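Participant: A single structure is presented below for examination.
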Ligand code: N2P
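Structural data, given as structure tokens:
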């Protein structure tokens, strides 16, 4: 069941929630000026899409997910009503292999050149089939008031002191990678014994975990019910607006960075309008306003002058070059590895 938070409802209400009836209507009217956009929760500034509609007359139906595997499953099952989706770097080859997305033709975006060189022709997208949207890191969020000793290590998420007051992301990739990393096993492993060890470590932690969640846990952090959480950088910084005692650390063992990208859903009907929206999101001011609102980092070099200086100077949002070097991208798994990882995660969840 995809979780949608109170915040999401508020946000979605100002846009047009994508209900089955709306999808059917869009399908009937193939020529309607509309983009059906499927994005992570808490991942767009509230004015961005209304401003686009004001400027272009193109309506945006906006739908949210809090679990990229569920999003993948939905698109794979044929939810063809969507035109535009946001996909994490390491999932892109999987979508391409199954032809669930169509590459953006070269030369059609006038603003592609705004993207910083280090985010162009990246390992996960050598032919620039997609467009980098936002990026960030995975770390630990905590409540400074109640967590007396600042967390420094991922192992703090295994500390029995926080039993019932800690949460983990509901994300196979983040959690299984973390367990492997802590066991000193490379993410590239395809040895079932390694995966079993990761499984056991996560099961050992389970009695402490109040919830596996990638979205609604933020409300619990704000409310003080959760004190320590595995979190994505910008989501924590957004929650800190509502509760200034919340803070974010990248543990000393290091972490992964990820780049979420805009992709065209295979066979979607509203190609021109979707490309127009992507180009709009690439405009320096729009990209900066968006990144400032969600507090993730922008890969858009031309947007940097408009980034809020507080965020620009924050090394947890824009790490300095020496820190950047220590941030790894997730390895692209083979379909067989993916299956093993998903099985481990499913077993942890039911254990
Ligand atoms: C937005 C989370 C997106 C980051 N809520 C995951 N890559």
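In my numbering, the protein residues as written are -5 to 345. Glycine is no exception: its CB is placed at the ideal position from the N, C-alpha and C atoms. Source: prediction; values computed, not measured.
1. Among the residues of its own chain, which have a CB less than 8 Å from the CB of residue 247, if the five just before and after it don't count?
2. May I ask you to verify whether the stretch 285 to 293 touches the stretch 316 to 327, counting CB pairs closer than 8 Å and requiring at least 3?
3. Around the Cβ of residue 207, are there at least 16 other Cβ atoms within 10 angstroms (buried) or fewer (exposed)?
4. Specify, as a first and last residue, the run of the beta strand (DSSP E) that residue 58 falls within.
5. Leaving out five residues on either side along the sequence, give the residues of the same chain with a beta carbon under 7 Å from the beta carbon of residue 105.
6. Pull the bridge partners of residue 130 from the DSSP assignment, please.
7. For residue 303 and residue 111, what's the separation of their Cα atoms in angstroms?
8. In three-state terms, what does DSSP make of residue 161?
9. Express the C-alpha separation of residue 180 and residue 52 in angstroms, rounding to a whole number.
10. Any idea if residue 190 is buried or exposed, counting beta-carbon neighbours within 10 angstroms, 16 or more meaning buried?
11. Pull up the distance between the alpha-carbon of residue 318 and that of residue 26, whole angstroms please.
12. Tell me whether the beta-carbon of residue 257 lies closer than 8 Å to the beta-carbon of residue 66.
13. Going by beta carbon distance, what residues of the same chain come within less than 6 Å of residue 214, once the five residues before and after it are set aside?
14. So does residue 254 have its beta carbon nearer than 7 Å to some heavy atom of the ligand N2P?
15. Do residue 342 and residue 200 count as a contact pair if the criterion is CB distance below 8 Å?
16. Between 63, 299, 291 and 38, which lies nearest to residue 308 when the distance is taken from Cα to Cα?
17. Counting pairs of Cβ atoms below 8 Å between the stretch 92 to 109 and the stretch 136 to 146, do you hit three or more?
18. Helix, strand or coil: which one does DSSP assign to residue 342?
19. What number of angstroms, rounded off, separates the C-alpha of residue 136 from the C-alpha of residue 243?
20. May I ask you to report which of helix, strand or coil DSSP gives residue 45?
21. Could you name the residues of the same chain whose beta carbon sits closer than 8 Å to that of residue 87, not counting the 5 residues immediately before and after it, in chain order?
22. With DSSP as the reference, label residue 136 as helix, strand or coil.
23. Quick one: Cα of residue 260 to Cα of residue 336, how far?
24. Between which residues of its own chain and residue 39 is the CB-CB distance below 6 Å, once the five residues before and five after are set aside?
25. Express the C-alpha separation of residue 218 and residue 293 in angstroms, rounding to a whole number.
26. Just to check, is the beta-carbon of residue 333 closer than 7 Å to a non-hydrogen atom of the ligand MG?
27. Following a CB-centred definition, is residue 37 positioned closer than 7 Å to any heavy atom of the ligand N2P?
28. Find the nearest neighbour of residue 58 within the set 48, 44 and 78, judged by alpha-carbon distance.
29. Quick check on the DSSP output: the beta strand (DSSP E) that includes residue 240 runs from which residue to which?
30. At which residues does the beta strand (DSSP E) containing residue 225 begin and terminate?
31. If you measure from the CB of residue 82, is any heavy atom of the ligand N2P nearer than 7 Å?
32. Can you tell me where the alpha helix (DSSP H) holding residue 66 begins and where it ends?
33. Going by the CB atoms, is the gap between residue 254 and residue 82 shorter than 8 Å?
34. Is the closest heavy atom of the ligand N2P to the C-beta of residue 229 under 7 Å?
35. Can you tell me the Cα-Cα spacing of residue 32 and residue 268, whole angstroms?
36. Could you spell out the range, first to last residue, of the beta strand (DSSP E) harbouring residue 28?
Facilitator: Reading off the structure:
1. The sequence position of residue 247 within the chain shown is 253, counting from 1. The beta carbon of residue 247 is closer than 8 Å to those of 147, 148, 175 and 176 in its chain, skipping five residues each way along the sequence.
2. Between the stretch 285 to 293 and the stretch 316 to 327 there are fewer than three C-beta pairs closer than 8 Å, too few to call the two in contact.
3. Locating residue 207 in the chain shown gives position 213, counting from the first residue. Buried, by the Cβ-count rule.
4. Translated into positions along the chain shown, residue 58 becomes position 64. Taken as a continuous stretch (DSSP letters only), the beta strand (DSSP E) holding residue 58 covers 53 to 59.
5. Looking up residue 105 in the chain shown gives position 111. In its chain, beyond the 5 residues on either side, 273, 276 and 277 have a beta carbon closer than 7 Å to the beta carbon of residue 105.
6. Position 136 of the chain shown, counted from the start, is the residue given in the question as residue 130. As computed with DSSP, residue 130 is found in a beta bridge with 252.
7. Residue mapping note: residue 303 aligns to position 309 of the chain shown, counting from 1. Residue mapping note: residue 111 aligns to position 117 of the chain shown, counting from 1. Cα-Cα distance, rounded: 22 Å.
8. Here residue 161 refers to the residue found at position 167 when the chain shown is read from its first residue. In the structure shown, residue 161 sits in a strand (DSSP, three-state: E or B).
9. Start at 1 with the first residue of the chain shown, and residue 52 comes out as number 58. Start at 1 with the first residue of the chain shown, and residue 180 comes out as number 186. So the two alpha carbons sit approximately 46 Å from each other.
10. Within the chain shown, the letter at position 196 stands for residue 190. So residue 190 counts as exposed.
11. Counting from 1 along the chain shown, the entry for residue 318 is found at position 324. Counting from 1 along the chain shown, the entry for residue 26 is found at position 32. Our two residues, residue 318 and residue 26, have alpha carbons roughly 43 Å apart in a direct line.
12. Counting from one through the chain shown, the residue named residue 257 turns up at place 263. Counting from one through the chain shown, the residue named residue 66 turns up at place 72. It is not a contact, given that the beta carbons lie outside the stated cut-off.
13. Here the question's residue 214 lines up with position 220 in the chain shown. Sequence-distant partners of residue 214 (beyond 5 residues in either direction) whose C-beta falls short of 6 Å from its own C-beta, in its chain, are 220.
14. Stepping through the chain shown from its first residue, residue 254 is reached at position 260. Correct: residue 254 has its Cβ closer than 7 Å to the ligand N2P.
15. Walking along the chain shown from the start, residue 200 turns up at place 206. Walking along the chain shown from the start, residue 342 turns up at place 348. In contact: residue 200 and residue 342 (Cβ atoms closer than 8 Å).
16. Residue numbering aside, residue 308 sits at position 314 when the chain shown is read from its first letter. A check of alpha carbon separations from residue 308 across 63, 299, 291 and 38 identifies 291 as the nearest.
17. Of all C-beta pairs linking the stretch 92 to 109 to the stretch 136 to 146, fewer than three are shorter than 8 Å, placing the two stretches out of contact.
18. Position 348 of the chain shown, counting from 1, holds the residue named residue 342. Correct three-state label for residue 342: helix.
19. As a working note, residue 136 is residue 142 in the chain shown. As a working note, residue 243 is residue 249 in the chain shown. Distance between the alpha carbons of residue 136 and residue 243 is about 8 Å.
20. Start at 1 with the first residue of the chain shown, and residue 45 comes out as number 51. Residue 45: helix per DSSP, three-state reduction.
21. By 1-based counting over the chain shown, the position of residue 87 is 93. Closer than 8 Å at Cβ, skipping near neighbours: 118 and 326.
22. One-based indexing of the chain shown puts residue 136 at position 142. Residue 136 falls in the strand class under three-state DSSP.
23. Counted from its first residue, the chain shown places residue 260 at position 266. Counted from its first residue, the chain shown places residue 336 at position 342. Using only the alpha carbons, I get a separation of about 24 Å.
24. Reading the chain shown from its first residue, position 45 is the one you call residue 39. Around residue 39: 283, 284 and 287.
25. Translated into positions along the chain shown, residue 293 becomes position 299. Translated into positions along the chain shown, residue 218 becomes position 224. Between residue 293 and residue 218, the C-alpha separation is close to 33 Å.
26. The ligand MG is not part of the structure shown, which contains the ligand N2P as its ligands.
27. Start at 1 with the first residue of the chain shown, and residue 37 comes out as number 43. Yes, the ligand N2P has a heavy atom inside 7 Å of this Cβ.
28. Indexing the chain shown from 1 puts residue 58 at position 64. Cα-wise, what sits closest to residue 58 is 78.
29. Within the chain shown, numbered from 1, the residue matching residue 240 stands at position 246. Taken as a continuous stretch (DSSP letters only), the beta strand (DSSP E) holding residue 240 covers 240 to 243.
30. If you number the chain shown from 1, residue 225 lands on position 231. Segment 222 to 226, the beta strand (DSSP E) holding residue 225.
31. Position 88 of the chain shown, counted from the start, is the residue given in the question as residue 82. Result yes, Cβ under 7 Å from the ligand N2P.
32. For the purposes of this step, residue 66 is identified with residue 72 of the chain shown, where counting begins at 1. Note, residue 66: alpha helix (DSSP H), 62 to 70.
33. Position 88 of the chain shown, counted from the start, is the residue given in the question as residue 82. Position 260 of the chain shown, counted from the start, is the residue given in the question as residue 254. Yes, the Cβ-Cβ distance between residue 82 and residue 254 is below 8 Å.
34. What you label residue 229 is simply residue 235 of the chain shown in a count that begins at 1. Yes, the ligand N2P has a heavy atom inside 7 Å of this Cβ.
35. Here the question's residue 32 lines up with position 38 in the chain shown. Here the question's residue 268 lines up with position 274 in the chain shown. Approximately 12 Å, taken between the alpha carbons.
36. For the purposes of this step, residue 28 is taken as residue 34 along the chain shown, with counting starting at 1. Per DSSP, the unbroken beta strand (DSSP E) holding residue 28 starts and ends at 28 to 34.
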